[in-house]
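Before any comments, here is the structure.
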Amino acid sequence: MNFENLEVWKRSARLSADIYKLTIDLNDFGFRNQLTRSGLSVPSNIAEGMTRESDKEKLRFLDISRSSLAEARTQIYIGIDINYINKNIGVLWINETIELSKMLTALKEKIKADS
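Residue numbers are given in the numbering used here: position 60 of the sequence shown equals residue 397, and the series is strictly consecutive.
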C-alpha cells in the first residue's frame with residue numbers, strides 16, 4: 338500500500354502545511370515549534386509506518402500518528418484560548434484532527450483484518 342495514495346496521508350500533510358503557513362508570524366517560538374512538530378509528525382509517521390514490512394510495525398507507527406494528532410489538537414485548543422489561533426480556523430483544525438484520527442483507526446482495523 339503506497340502511503341501517497343492514502344487519503345489520510347494527503348489530508349494530514351495538508352493540515353501540517355496549513356499549520357506551518359498560518360503560524361509563521363507567531364512570535365512564541367516554543368508554542369509554534371511544538372505545534373508544527375506535532376502536526377508534521379502525523380503524515381511523517383504514516384509514511385514511515387506504511388513502508389514497514391511487518392503489520393506490527395505499521396500499526397505502531399499509525400498509533401504514533403494518532404497520538405500526534407491528539408497532541409496537536411490539545412495545542413490547537415490552547416492556541417485558540419490564548420488567542421494565538423483564530424477560533425474559526427482552530428475549530429476547522431480540531432475537526433480535521435478528529436476525522437483523521439477516525440481514518441487512522443479505520444486503517445489500523447483494515448491492516449488487522451487483512452493479516
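Each residue gets a CB set at the ideal place from its N, CA and C atoms; glycine is no exception.
- One Cα belongs to residue 444, the other to residue 429, and the distance between them is close to 22 Å.
- Rounded to the nearest angstrom, the gap between the Cα atoms of residue 383 and residue 450 is 18 Å.
- Residue 435 sits exposed, since fewer than 16 C-beta atoms from the chains shown fall within 10 Å of its C-beta.
- Within the stretch 367 to 441, complete alpha helix (DSSP H) segments of at least 4 residues are found at 392 to 418, given in chain order.
- In the structure shown, residue 448 adopts helical secondary structure according to DSSP, grouped into three states.
- Judged by DSSP in its simplified three-state form, residue 355 adopts helix.
- Residue 393 sits away from residue 387, with the two beta carbons spaced by 9 Å or more.
- Between residue 401 and residue 348, the alpha-carbon positions lie close to 17 Å from each other.
- The alpha carbon of residue 352 has as its nearest neighbour, out of 363, 378, 339, 362, the alpha carbon of 378.
- Here DSSP, grouped into helix, strand and coil, assigns residue 364 to coil.
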